[in-house]
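K.L.:
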Amino acid sequence: MKHLHLFTLSSCLLLAVTTLTAQEKKQAWSLEDCLQYAYEQNIELKQSRLSLESSKIDTKNAKSKLFPSLTAGVSYQYTNTPFVQTANGSDDMLDIYAQTGNTSSDKNQISGSYNLRSSLTLFNGGKMLNQIKSQQVAEEMQSASLEETFDNIESAIISGYLQILYAQEAILINQQTVEVSKAQCERGEKLKNAGTLSESDYAQLVSQYSSDKYQLVVSQNTLAQNQLTLKQLLELGIDENIEVVTPTLDDTDVLMPLATQNEIYQMALAYMPTIKYSELNITASKLELRNAKSGFSPSLSFSAGVSTGHFSTSSTNTRSQMKNKLSESLGLSLSIPIYSNRDTRSAVSKARIAMTTAELELENTKKNLLSEIENLYLEVKAAQEQYISAQEQVKATEASYALIQEKFNQGMANTLELLTEKNNLLIAEQKALQAKYMAILNRLLLNVYQNKPISL
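Under this note's numbering, think of the first position of the sequence shown as 21, with each following residue one higher.
Here it is as structure tokens:
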């Protein structure tokens, strides 16, 4: 049995160590992981969800106004009248001091009262129903605001994620460039020692090698900065690092066909939270206009109540007093507005202005949405065309650079020609890389407008 306990303890320790090791191991984040984590953990989204919950409570509160209110009241009061004159005209305070110190029952009394009241608004121009509808619209607007917040965070994360992928590929290009520069320096040193390369030409090779190493460091720093940006977007802790999954992105991902601009725009009109919010704002302003007009209508309310009480100085016992003092009441109250110092009329005028303003805001939102989609669409198309052109340029420049490099090794080309072709190749590769990620980025952002799944 003792050996069994030792085995169990050892197994538990091994499991704990294994678990810690697995937790300490860096986990690569996919784009889907980043979006899911942000959806669950982002502070701004949490705040928006709390605002939505608060709006739901307000909706329930508005609906409760359709039901009668009910209140109960209980009060007790102690009364002392030490200098009250008795029937024989003497001051009872003298009797009090002359006797044992106990006060007489008619100089001190305790009274109690109890009531139960209820009231209900029967009619107020439809204001209560409009307030319920207004609050329901406000709840829907808050929900749209939550969706808009996530869309903004989603777009920022997509951009940050692709910036990291772009920086990683840029590092690979710069690393290859540094390796080539190093090999050229080594080859140039041999040619210099053989007397076929001048000191100045060799110095140019060394300078280019240093410049390429510097560009590699710059690209590495850019990657670190992009990783920090994504980490901050995800609101990770200071001790947490982020490594992303590097998907294989080929020409299919870059040159993926798009729907027409009008198709994308129509889908965006049906989905985008900004459009929903603006449309709901118009609905809310119409309801507010109805509420303002209800100020011209009379209001009718119903009330009911029951009350009783007792006095300690009464010769009747408390139970009988409460029975005798029991009273019940029913009432109707009608309020007819005649003149309100123009408050109601001003409220109606302002509500009409607010409704017109909301309609203009919707039109402006639609125009901005169309402009954003058109710009993204053109950027995708331009990036795709630039990518095709840059790929062709890379192939042509690679062939030209290989030829010049061969001539240089044979002493038939100078250093300037070699470095010029090398820089041309680097520029072509960078153009192709930039066009590649611009096309993918803007296509994914268009997917956000269409409510399509985001994945790489």
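Even for Gly, the Cβ is constructed at its ideal location relative to N, Cα and C.
Return the chain-ordered list of same chain residues with a C-beta closer than 6 Å to the C-beta of residue 265, the five sequence neighbours on each side being excluded.
P.N.:
Once the five neighbours on either side are set aside, the close Cβ partners of residue 265 are 48, 50.
K.L.:
In the DSSP assignment, the alpha helix (DSSP H) including residue 501 goes from what residue to what residue?
P.N.:
Nothing about residue 501 can be read from this structure; the chain reaches only from 21 to 476.
K.L.:
Could you say if the segment 145 to 163 and the segment 69 to 85 meet the contact criterion of at least three C-beta pairs nearer than 8 Å?
P.N.:
They touch, by the three-pair rule.
K.L.:
When you compare each of 65, 57, 455 to residue 271 by their alpha carbons, which one comes out closest?
P.N.:
Comparing Cα-Cα distances from residue 271 to each of 65, 57, 455, the minimum goes to 455.
K.L.:
Could you compute how far the alpha carbon of residue 296 sits from the alpha carbon of residue 250?
P.N.:
Going from the Cα of residue 296 to the Cα of residue 250 covers about 29 Å.
K.L.:
Quick check on residue 165: does DSSP put it in helix, strand or coil?
P.N.:
Of the three classes helix, strand and coil, the one that applies to residue 165 here is helix, per DSSP.
K.L.:
Please look up how many angstroms separate the CB atoms of residue 60 and residue 468, rounded, as I've assumed it's under 8 Å.
P.N.:
Not a contact, Cβ separation roughly 19 Å.
K.L.:
Could you have a look at residue 255 and say whether DSSP puts it in helix, strand or coil?
P.N.:
Here residue 255 sits in coil by DSSP.
K.L.:
Among 228, 374, 409, which one has its Cα closest to the Cα of residue 443?
P.N.:
Taking only the C-alpha atoms, the option nearest residue 443 is 228.
K.L.:
Evaluate residue 362 with the Cβ neighbour count: other Cβ atoms within 10 Å of its Cβ, from every protein chain shown; 16 or more gives buried, anything less gives exposed.
P.N.:
With fewer than 16 Cβ atoms within 10 Å of its Cβ, residue 362 is classed as exposed.
K.L.:
Look up residue 214 in the DSSP assignment and say whether it is helix, strand or coil.
P.N.:
Correct three-state label for residue 214: coil.
K.L.:
Taking the beta carbon of residue 91 as the centre, do at least 16 other beta carbons fall within 10 Å, making it buried, or is it exposed?
P.N.:
Result: exposed.
K.L.:
Helix, strand or coil, according to DSSP, for residue 94 in the structure here?
P.N.:
Reduced to three states, the DSSP call for residue 94 is strand.
K.L.:
From residue 278 to residue 285, what distance separates their C-alpha atoms?
P.N.:
Rounded to whole angstroms, residue 278 to residue 285 spans 12 Å at the Cα level.
K.L.:
Could you give the distance in angstroms between the alpha-carbon of residue 457 and the alpha-carbon of residue 422?
P.N.:
When rounded, the distance between both Cα atoms is 27 Å.
K.L.:
Would you kindly work out how many angstroms separate the C-alpha atoms of residue 15 and residue 64, rounded to a whole number?
P.N.:
The structure shown has nothing for residue 15, since the chain only spans 21 to 476.
K.L.:
According to DSSP, residue 132 sits in a beta bridge with which residue or residues?
P.N.:
According to DSSP, which records beta bridges pairwise, residue 132 is partnered with 96, 330.
K.L.:
Output needed for residue 288: all residues of its chain with C-beta closer than 7 Å, excluding positions within five of it in sequence on either side, in chain order.
P.N.:
Contacts found: 389, 393, 469, 470.
K.L.:
Inspect the CB distances between the segment 126 to 142 and the segment 320 to 332 and report whether three or more fall short of 8 Å.
P.N.:
In short, these stretches touch, since the Cβ pair count reaches three.
K.L.:
Classify residue 323 as helix, strand or coil using the three-state DSSP reduction.
P.N.:
Strand.
K.L.:
Does DSSP put residue 279 in a helix, a strand or coil?
P.N.:
Reduced to three states, the DSSP call for residue 279 is coil.
K.L.:
Any chance the segment 194 to 201 sits against the segment 229 to 247, with 3 or more Cβ pairs inside 8 Å?
P.N.:
In short, these stretches touch, since the Cβ pair count reaches three.
K.L.:
Expressed to the nearest angstrom, what Euclidean distance is found between the alpha-carbon atoms of residue 137 and residue 327?
P.N.:
Rounded to the nearest angstrom, the two C-alpha atoms are 8 Å apart.
K.L.:
Based on DSSP bridge pairs, tell me the residues matched to residue 360.
P.N.:
Paired residue(s): none; residue 360 is not in a bridge.
K.L.:
Which of the three DSSP states, helix, strand or coil, is assigned to residue 139?
P.N.:
Residue 139: strand per DSSP, three-state reduction.
K.L.:
Helix, strand or coil: which one does DSSP assign to residue 465?
P.N.:
Reduced to three states, the DSSP call for residue 465 is helix.
K.L.:
List the DSSP bridge partners of residue 48.
P.N.:
For residue 48, which the question treats as bridged, DSSP gives the partners 263.
K.L.:
Helix, strand or coil for residue 89? Go by DSSP, reduced to three states.
P.N.:
If DSSP states are grouped into helix, strand and coil, residue 89 belongs with the strands.
K.L.:
Please report the distance separating the alpha-carbon of residue 94 from that of residue 62.
P.N.:
Near 49 Å, if we compare the C-alpha coordinates of residue 62 and residue 94.
K.L.:
Using the three-state DSSP reduction, which class does residue 430 fall into: helix, strand or coil?
P.N.:
Here residue 430 sits in coil by DSSP.
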